[in-house]
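Each remark here refers to the structure printed beneath this line.
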Amino acid sequence: MNFTSFHFFFFFLITITVGHFLRKKTRPLRIFLLLSSLYFYGVFEPLYLVLVFVSTAYDYIAALGIEARREFERTGQHPGRGIMSSLSGGMWLAVSMTLNLALLAFFKYTNFGIEIVNDTLPTGDTIFAFPALDILLPVGISFYTFQSMSYTIDVYRGQLEARRSVVDFALYVTFFPQLVAGPIVRATTFFKQMDDPLPVTYDDIVVGVTRIVSGFFRKLVLADNLSPLVNGVFSGQADLNPLDIWIGSLAFGWQIYFDFAGYTDIARGVARLFGYEFEINFLYPFSAGNITDHWSRWHISLTTWLRDYLYIPLGGSRVGPFRLYANIFVVWFATGIWHGASYHFVAWGVWQFVMVVVHRLFSMTKLREILNTRYKISWGIAARVILFFFLNFGFIWFRAPDMALATQMQGRLFGIENLNDIVHGFAAVTMIKDMPASLYADYIWFLVFLWAYELYFNHRKLDYFWKPENRGKLVFLLTAMVVLVLVLATPDTPNFLYFQF
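In terms of full-length UniProt numbering, the sequence shown has 397 at position 397, counting the first letter as 1, and numbering is strictly consecutive.
Dropping the structure here:
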């Protein structure tokens, strides 16, 4: 079920109304939210529910097994059924991780594996290739798999007690606001709020509604209106000039940011109205001055997940230089492959690794110290512009449908034959099919506006408007956003981009 559909609008009204009347009835409320979440996910495809049931079942059992084994090692007695404590905690964790990753690998990476095998087969007069399988990628599988895995790992580490109630654990995995595109919520955070629910106050409603309206504004006005430009540039035309490609990649950077951040805003707003506060997932990443700072602000729930469950267990930064950079490479390779099973997503992940390494090496030089002290303001501006362009160069890999088109477009960026290419570009003479030059010029100004919007809200965040003395400004802001959504929302709203991951 898409947040931008009328179906969700009516579903949300019914769910929030019934949830309000069940607020003081803990068990019925949790069962109702679980059933509502399963309905929400089943609307995409009823068969998806089988995968959620399977994933929930083996992580629920594995966590109980880990705790049973720990109890046996402490007391020497088998608690309950002996089979639960007969396996070591490490074995239970291994079973959980294997099943989770096997399920994810089958649905997401089988055809990529077939593609790799076909690419390595020798070619000749008779070319044999394994056919791709007709596998439908379940919506949100990467998100809820990582979320469920973190629960089992935390139980194994002793940071969390295994949940006895299958309803509670299933609700944690499937809670509909964040089920299909995050944020990836930690079990410690979720269960703490579940066990000690706070009353939904007027301030909670203000915060929740503000986030929801802001999310729809980011998605329907800022992100979706960039779709024609982005789709035109990445359609595979052979006659685009370098500036067209740069503008298209910059537009996609803003599009995917506002699309994903918009989803997160809506998810966090809806959750807040049910009494749950999820961690922020985006913190104005295009205001960052370096790549490390950028990734501390972008998709925070994923980057912290990879830090806590992959980077640190590998040794983190407490190792020698070779292993350090090997650890960083593994993390960024995993980030790329998490986003998509194809060569161009791997290339995008490796590009992030290259930028991180270059930044680390640059941070050790005397030049960085000079720039940050003598030319602090000018270097701060220049660093952000440079980073933005390097990020968007990488976004070409992220958005292109395949590796061939991505490398072709990137090569064309630097294939300027004469000064006229640049002059024509700045005169807004575009080669993008079916796009008049006047509309192209409007897009360029729109991109400038988006950066101004980002910088303003990085300086003055939404919580400024939640203060009682600023409620008048908040009403004006929300009214303006709603009007702009009604006026500028595109007729055919595309799905959220991160649904494909």
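Beta carbons are placed, not taken as given, at the ideal position from N, Cα and C, and that holds for glycine.
Please read these numbers as outputs of a predicted model, since none were measured by experiment.
**Item:** Euclidean distance between Cα positions of residue 101 and residue 145
**Value:** 8 Å
**Asked** Should residue 378 go down as buried or exposed, given a rule of 16 or more other Cβ atoms within 10 Å for buried?
**Response** exposed
**Prompt:** Secondary structure at residue 4, three-state DSSP: helix, strand or coil?
**Reply:** coil
**Item:** Proximity to residue 180 [Cα-Cα], best of 2, 303, 274
**Value:** 2
**Item:** Option nearest residue 488 by Cα separation, candidates 152, 130, 224, 46
**Value:** 224
**Asked** Among 67, 353, 399, which one has its Cα closest to the Cα of residue 292?
**Response** 353
**Item:** Whole-number beta carbon distance between residue 37 and residue 184, since they are thought to touch under 8 Å
**Value:** Not really, about 16 Å apart at Cβ, beyond 8 Å.
**Item:** Residue of 312, 316, 310, 177 minimising C-alpha distance to residue 262
**Value:** 177
**Item:** Option nearest residue 58 by Cα separation, candidates 268, 142, 151
**Value:** 151
**Request:** Count the other C-beta atoms from every protein chain shown that fall within 10 angstroms of the C-beta of residue 92, then say buried if there are 16 or more, exposed otherwise.
**Result:** buried
**Message:** Quick check on DSSP: helix, strand or coil for residue 115?
**Reply:** helix
**Asked** Whose C-alpha, out of 159, 443, 16, 470, is nearest the C-alpha of residue 255?
**Response** 443
**Message:** Is the beta carbon of residue 155 closer than 8 Å to that of residue 516?
**Reply:** It is not possible to answer for residue 516, since the shown part of the chain is limited to 1 through 501.
**Asked** Rounded to the nearest angstrom, how far is the Cβ of residue 162 from that of residue 64, given a contact under 8 Å?
**Response** 5 Å
**Asked** Assuming residue 135 contacts residue 107 under a Cβ cut-off of 8 Å, what Cβ separation, rounded to an integer in Å, is found between them?
**Response** 6 Å
**Item:** Local conformation of residue 125 per DSSP, three classes
**Value:** Caution is warranted here: a pLDDT of 49 is assigned to residue 125, below 50, making its placement in the model unreliable, and the coordinate value is therefore given only provisionally. Of the three classes helix, strand and coil, the one that applies to residue 125 here is coil, per DSSP.
**Item:** Span of the alpha helix (DSSP H) around residue 255
**Value:** 242 to 273
**Request:** If I'm right that residue 251 touches residue 447 with Cβ under 8 Å, what's the distance once you round it to whole angstroms?
**Result:** 6 Å
**Request:** Measure the C-alpha to C-alpha separation of residue 160 and residue 66 and round it to an integer number of angstroms.
**Result:** 11 Å
**Message:** Suppose the cutoff is 7 Å on Cβ atoms and the five residues either side in sequence are ignored; what does the same chain contact list for residue 309 look like?
**Reply:** 150, 153
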